[in-house]
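Visitor: Below you'll find the structure I mean.
In our numbering, the protein residues as written are 289 to 454.
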């Protein structure tokens, strides 16, 4: 019977396999391998596919059909609509900035209702789907807290990484 030899960590932590990171199991490691990411170093040095400049906000009236843009406004109404049988739903809030109204919708995500309240100031980013009414489906959002101007996905240049497909 051979004695077990404990696995020793690599001399360079950047050479450690991704599975040494908390939350990265074999399935996630396989997904990242499709992007040629195998080690901690690969992950840290993986470049974004592109960058989006989300520092400039336009008014709701200036939004153009099919173009990605960022805007901000105040929620004037919100709620969840459910279809018969309860298998489908849509959460929607209506944003106003004084120049127009923007409907923001999330399909089959009724729990989103607890994250937004009428009167909240919100930043949104996405592609305008329709003009009447102006609508964004599944936009990226950030609620503005009083005195807070540091945002994660908006009001900055944002790296966009490729998807892992799966």
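Glycine included, every Cβ here is placed at the ideal spot set by N, Cα and C.
Keep in mind that this is a model prediction, so the values were computed, not measured.
Just list the alpha helix (DSSP H) runs in the segment 318-387, keeping only unbroken ones of 4 residues or longer that don't cross its boundaries, in chain order.
Guide: Listed in chain order, they are 328-333.
Visitor: Within this structure, are the beta carbons of residue 441 and residue 433 separated by less than 8 angstroms?
Guide: Against a cut-off of 8 angstroms, the Cβ pair of residue 433 and residue 441 comes out as no contact.
Visitor: Given residue 360, which residues of its chain have a CB within under 6 angstroms of its CB, disregarding the five upstream and five downstream residues?
Guide: These residues qualify, in order along the chain: 345, 411.
Visitor: Measuring CA to CA, which of 341, 340, 324 is closest to residue 333?
Guide: Checked all of 341, 340, 324; the closest Cα to residue 333 is 324.
Visitor: Classify residue 448 as buried or exposed, calling it buried when 16 or more other Cβ atoms lie within 10 Å of its own Cβ.
Guide: Exposed: under 16 other Cβ atoms inside 10 Å.
Visitor: Taking only three categories from DSSP, how would you classify residue 452?
Guide: Coil, per DSSP.
Visitor: With DSSP run on the structure shown, which of helix, strand or coil describes residue 393?
Guide: Of the three classes helix, strand and coil, the one that applies to residue 393 here is strand, per DSSP.
Visitor: So, helix, strand or coil for residue 444, using DSSP?
Guide: In the structure shown, residue 444 sits in coil (DSSP, three-state: anything other than H, G, I, E or B).
Visitor: What residues in its chain sit with their C-beta under 8 angstroms from that of residue 401, if we drop five residues either side in the sequence?
Guide: For residue 401, where only same-chain residues beyond five positions count, the Cβ hits under 8 angstroms are 366, 367, 368, 379.
Visitor: Could you please give me the residues that DSSP links to residue 313 through a beta bridge?
Guide: According to DSSP, residue 313 bridges with nothing at all.
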